[in-house]
Structure formats: structure tokens, C-alpha cells
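Remarks on the structure that follows.
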């Protein structure tokens, strides 16, 4: 493998596993994990949305997986179509629309957008028999006391977490035998009873450990903050305990980069970049939370701000003609008609100055949008500077 | 006094002396078995880095630049607002939360019949004037080599070198919260530095010589770390931490200098390191001069000078121009015009406008250990790939 010159042995093995995952559509070990948001459904903050970011709703009147939204209803409530060749999975199934068309359904209820929602983030249609579709709804499941579910972007999905919100991992191996000390069993109380998909695994020392779908659960000692999943790749027998996964475009990966943690990249290892504006904040933007973008700002910038000269070195991360938005990924259409992936609102690019996997030479390059032109004003809808940043998952 | 005076406010020093003693004791026990005369290296992290101001009573014969109220009043009146109305606008703006009330101030630029943002279109507003510093003394270096022949240059008050080029001092010299004479710190640079240094990757400097006790050649490397400074229980920067060197070649600099009677001097055509959006996005020095002196307790201090592009200097304040005018008493339009006026290097071939400005910066350094992140300085840290793209089911 070409990357082997740059990666350690363990890392190569992990990357190879990643490639297999792409081709087999598996996300976690041998088990297929459903998408949190399928193609055609995106995630906007705490809510599900359609490909254009419009909030999704279900209707109390829809039962048995069938839409009861007639022509009159359809004037205000638009069915969310299932993209061609896409099948359902997990919470999301393909329902029959009022006119027989394929319509996404969430837990059996067809989903719609509301005509009075005019921009991303609006949710004016809740109430009167219509329910706003939130991510939290998708996480509803029977859980042992102390466990929860939260977004773990490092693992591109929603994972089981412990009482401290630390990521949990499932173990596929002989749990009777000792594992490395960096893995800590998720112990169950002596009086605990199995619940839902959670059972109790009797350990050699007589203690009991929670297991999810039959696989014992562990935490990883190097995860020290919420949302971290540094145990990925440490031992192939351990997998993040995902309950749903996020869509990622083909040939897109998350890399663990020294000093910067996890970053988004192409399968070839080229770092992905977004173009962000200045944000006033006390303290450095180098901290990971500070460096995250604001989706509304990303949407505002869109594909603007990179002229022909800029495009010589910054290449839009293009989406295939048949690609559809899903999860945190949307698609922007450039002025030349080509399609460009956007992640959490920000159009993505690669940089020609990055020569080998892991390079991030484009990070923190600035363009100051100060104009000395006294005949034409600078674009008031753009911030005072545009800065290239690596993209955190 | 050769360079900046010693300070004790920042950085814990006792610990260094103890560890140094232990290290020497350890070396003695080991018997100094190595027969070859290995070079000595000392590494430091930048504990303080701020513009070299040397405020004297004669710097601002017409007084300092006005405060925010006066800036706003001038701005409104010179752009056509009657004085009574100007006062009313300012009063209303102060009463309101948010920036909406300040719109007549922020959008005081005019292009054609259209009001435009003054901070991104600074030349759309008549020059309000900006008081720049005059006087005999300034810290810095004779960057252009003209020396005593340069009538417009300063004299270094410590070395009495003539022909000191420090136009940045002219800019900052009549701003109240930049006025300071060492060992006092200028207020605003101190404030911003204190904010960023807890999260901004530290800057590192390593000096290598055959024998620091003798005059001779030294090699100086300046890098950026992957980690930031930590503080001790007193809030001082903690000495003797280990810093990983960021492999990003943009912030890797090596140049030669000399040590003479304990004082290190060096010159280099370029010195570049990435900064932070909140502070300075980057430092892109040309025609660099540096001087540095070790202290007995292991710390060091010094000064670096060179020509910097002035647009990032404007950007540091203009990125949030209203804030700069409100809290720093810095008229942004006046600042922009002043920067254009006093810039003294790198003329634009088309317009003749100088694009760079002579500057000098004081640095205080704490002793640290440095290790290459991976592969050594100048090489990007290799990393690991983790996951995973997923395609639609």
C-alpha cells in the first residue's frame, strides 16, 4: 500500500480495515449499523432535515406506514422523497406516499417538510398533530441505568456512553481471558437485570459486566473527553458501540493526526479544508471546540470567496452526479454546475500544497477582505477575512 | 543594558535551578564519559512576546489618540452627521445590547450613495487623522542598514545604536493602552497574549553552540509546538515542560548567529511562524535581526525585529473594528491610513505603496525540553488513519 511509507504498521492495518468497510457497507465489526440519517435526510443541529436543510415532521394522522396527506394537505406539507436505488434501514423505512411514491418514514411514520419553513433551522410547523423530528427521538431505546447515547463524531456515529459520557466499546473475543489494562469493563450492579439489547456477562472474578447485543462493553483509558474514540484501531477486537452511524461520502476518512486529533481527509490522506470567517472569541481558535465552524456561517459563505486564482491551489471536494445529501453532509452546486460536498454547512476543498498523507499546509491560511476600492464596496455578506481550516469530524 | 531587562513576573524559575542541579549531578555520576565535545543546546518557549514600546514624555506632543466617544463623534460628524445627532446616536448605541445601534458608526463609509462598512472599506471614509509617535528613542534594530544617516530613524536607548527602524512603535506609541516602558508591559498586548497563550501552540526557540561560555557561532531554530504553555499554581508559565515540535515546515526556521560576551545576536532573511486568529494570524518577518541573552536561572530574554506586512497588523484590530474603537481607543480608519503612511518597506511595484513595516518585539523565554513530534523538524508528523467512509445501503 502506498501509504505504508507514512504510516505505522498498526495504522496501515486499520486503514485497510477502513477500506473494507467502505466496500462492504459495514460500519462496525461484523454488524451492520443503520444510518442515523439516511440519504436524503440531513442533520441540522438537534433536528432531522431534508437535503436542503428544511426541518422534518411526522403527522399523528399517518398510521401503518402510509401517508394520509392528501392534495390539500400537500399544499403545506411536502413528502420527503427517497432517492433512487436507496433502501431503508434501522429507524428509516420506505413508506408509500399518498400517491404511491416512495417517501421516507421514521419509525413507520412518513416524514414531511413544512411550506412555511423558509430557511434552514426554522421549525414553525410543530403542534396541531405535527411533530418535529429530533435526533433525540432516534436515540430512544431501553438502556441500563447509567448508560446513555451521544454523538461521537470521531467514530462517525452515535454511540453508547457511560455515566461520564465516555465512549463505550464492544469486544468481540474471549472476554474470559484478560485484555489489555487500558480497557476497563463496564461493570453492572449486583442487582442489575438485563434490559432490551443489554445482557449481563459473568466475569471470571464473579463480577458482572454489561454486554450490548451479546458483546461485553468497555471504556478505553485514553479517552479523556466526551466524544473521543481513541480506542479505534488500538485493538481490532474492540469497536465503538455505535447504535447508529453517520453517512460519509465515498473515499472520505477520519484521520488521527498528531497534535490535531481527528481530522477529515480523503481516502488518499489529503486533508479536507473548510473556509471560515473570523469569529470573535476570547481565547485561541486552536482549541478543537473553538475551531469548529458555525453551520450558518458556512452556508452563508457557500462556494464563494475562492476566485479562479484561488481555485488553482484549492480544489473543491466534488460530489458525484448521483450523490445525495445525508447526515452532516450536504451538496452545493457551484457556478460552473459542478457539485461540491459540504460538511456541517461548510464547502470542502483539498489543497495542492499538501503533498503526502497527513500534510496540513493549507491550515490557517488567511485572505483579508479589506478593500481599498473607493468605487466598489467589499461584499457586505462576507466576513472581514476568510481563513482555511482543517475539518474536525 | 544590552537588551530587554530581566523580569520575574512570569515564569517559575526555582524549579529550573533544582532540575538543572540534579541534571548536572546526574551527569557527574555518569562520569561525563563522552569524549567528544558535543554541542550545547538550550531550548525555550516564548513566555511573553509583545511589541517593543519605549514610551517617553515627548512621544506625543499633541497628546494621545482620542477615546472611543471622541472617535465615534468625529467619525459621525466628519461623515455628515450634525453634532447633536451624533451625540444622540452614540447615547442610543451605548444603551442597546448588541451592535445594531452602532450601525451608523460601523457603516460610516460611503461609496456612491451607499453606506458601507468602514472596517472592510477603510478608504471610503475621509482620513480622521491618527497620532503617531515621534521622539528620539525606540527599541529595535537598524534594519535598513542606513544607521545614523537615517534622520527619520530612532536611537536604541539601551545600546545607543543609531538608525533604529521601528515604525510599529510610531503606530502604537500614541495609543494609551500601548504606552509602556520596560519593564512595564503595554496593556493591550499583555491582555491578548494572556488570552491566547493558554491555548495557542507555543513558540519554541533552540540555541545550539559548541560552548556557551565562549564566544563563537550559534545556530538558532524557531519552531511552533503542538502543545501550549501550561501554568503553575501561581499562574506563571511552567518551565521545563516538554514540547513536541510541530512538523509543519511553515513554522520551522533555522539561522546562524553568534554569541559574544554572553549576548547572542543573529540575522536572517526571513522568520515565519503561525500565530493565532485572535492575536496575530502569523508573523512573516523579513530582514530579521535578533538579540538574546541567557539568564542565570535558566530563563532568557531578547528582542526580534524585522519587516512585517502591515495588513495583518490592521487585521488584528479591524477584524472586530467596533471592539477596537470601543475598548482600545483606536480609530480604525485612522489606523489604516497611518499604516499606509508610515510603512517603510516592500513597495508595491504597481502603486509604490509600501506593504511592510519595520517592527521590534520583546520576548521572554522559559526553559523547556523539546522533542520532534515525528520525523524531526521540517517533516510533517506522520499520523494514523482511523475510519471510514460509508456508502448508502
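Residue numbers (the numbering used here), protein chains in the order written: chain H, 1 to 393; chain C, 394 to 786.
Beta carbons: idealized from backbone N, C-alpha and C, even for Gly.
These numbers come from a predicted model, not from an experiment.
Coarse secondary structure for residue 586 of chain C, derived from DSSP in three states
helix
The alpha helix (DSSP H) enclosing residue 483 of chain C, as first and last residue numbers
476-488
Residue 168 of chain H, DSSP secondary structure in three states
coil
Hey, quick one: how far does the alpha helix (DSSP H) through residue 461 of chain C stretch, first residue to last?
461-471
Are residue 259 of chain H and residue 619 of chain C touching if we call contact CB-CB under 7 angstroms?
yes
Going by CA-CA distance only, name the one from H:345, H:143, H:101 that's closest to residue 401 of chain H.
What the structure shows of chain H is the stretch from 1 to 393, and residue 401 of chain H is not part of that stretch, so it cannot be assessed.
Is there a Cβ of chain C sitting closer than 7 angstroms to that of residue 60 of chain H, yes or no?
no
Can you find the residues in the same chain that come closer than 6 angstroms, C-beta to C-beta, to residue 682 of chain C, ignoring five residues on each side of it along the sequence?
534, 660, 698
Beta carbons nearer than 9 angstroms to chain H: which residues of the region 709-729 of chain C have them?
711, 712, 713, 714, 716, 729
By the 8 angstroms beta-carbon criterion, what residues does the region 506-522 of chain C contribute toward chain H?
507, 509, 510, 512, 513, 514, 515, 516, 517
CA-CA distance, residue 547 of chain C and residue 663 of chain C?
23 angstroms
Compute the beta-carbon to beta-carbon distance between residue 714 of chain C and residue 464 of chain C, rounded to the nearest angstrom, for a pair I have assumed lies under 8 angstroms.
The pair is not a contact, with the Cβ atoms about 11 angstroms apart (cut-off 8 angstroms).
For residue 717 of chain C, list the residues DSSP reports as bridge partners.
In the DSSP output, where bridge partners are listed per residue, residue 717 of chain C has none listed.
Buried or exposed for residue 392 of chain H, going by 16 or more other Cβ atoms inside 10 Å?
buried
If I measure Cβ to Cβ from residue 90 of chain H and keep anything under 7 angstroms in the same chain, skipping five residues before and after, which residues do I get?
34, 35, 244
Can you pull the chain C residues whose beta carbon is under 7 angstroms from the beta carbon of residue 374 of chain H, in chain order?
504, 516, 517
According to DSSP, is residue 784 of chain C helix, strand or coil?
For residue 784 of chain C, the predicted structure reports a pLDDT of 32, less than 50, and the residue's modelled location is therefore unreliable. A value from the coordinates is still provided. In the structure shown, residue 784 of chain C sits in coil (DSSP, three-state: anything other than H, G, I, E or B).
Does chain C have any CB closer than 7 angstroms to the CB of residue 258 of chain H?
yes
Could you check whether residue 761 of chain C and residue 634 of chain C sit closer than 7 angstroms to each other, using their CB atoms as the reference points?
yes
Using CA coordinates, which residue listed in H:84, H:63, H:104, H:93 is at the minimum distance from residue 399 of chain H?
Here chain H has residues from 1 to 393 only, and residue 399 of chain H is not among them.
Classify residue 279 of chain H as helix, strand or coil using the three-state DSSP reduction.
coil
N-terminal and C-terminal residue of the beta strand (DSSP E) that residue 694 of chain C is part of:
693-702
Grab me the residues of residue 378 of chain H's own chain with a C-beta within less than 8 angstroms of its C-beta, minus the 5 sequence neighbours each way, in chain order.
369, 370, 371
Using a threshold of 7 angstroms, state whether the C-beta atoms of residue 354 of chain H and residue 271 of chain H are closer than that.
yes
What does DSSP give as the partner residue(s) for residue 680 of chain C in the beta ladder?
In DSSP, residue 680 of chain C forms no bridge with anything.
Identify the contact partners of residue 278 of chain H in chain C, using a Cβ-Cβ distance below 8 angstroms as the criterion.
670, 712, 713
Once DSSP output is grouped into helix, strand and coil, what is the label at residue 223 of chain H?
coil
If you draw a straight line from the alpha carbon of residue 648 of chain C to that of residue 441 of chain C, how long is it in whole angstroms?
22 angstroms
Counting contacts by CB-CB distance shorter than 7 angstroms, is residue 307 of chain H in contact with chain C?
no
Would residue 567 of chain C pass as a contact of residue 541 of chain C if the rule is Cβ separation under 7 angstroms?
no
Closer than 9 angstroms, Cβ to any Cβ of chain H: which residues of the region 639-660 of chain C, in chain order?
639, 640, 641, 642, 643
Could you name the residues of chain H that residue 707 of chain C contacts, counting a contact when the two beta carbons are closer than 9 angstroms?
368, 370
From what residue to what residue does the beta strand (DSSP E) around residue 236 of chain H run?
Note, residue 236 of chain H: premise wrong, no beta strand (DSSP E); not H, not E.
Assigned secondary structure, residue 560 of chain C (DSSP; H/G/I helix, E/B strand, else coil):
helix
Do you know offhand how far residue 347 of chain H's Cα is from residue 340 of chain H's?
7 angstroms
Tell me, please, whether the CB atom of residue 378 of chain H is closer than 7 angstroms to any CB atom in chain C?
yes
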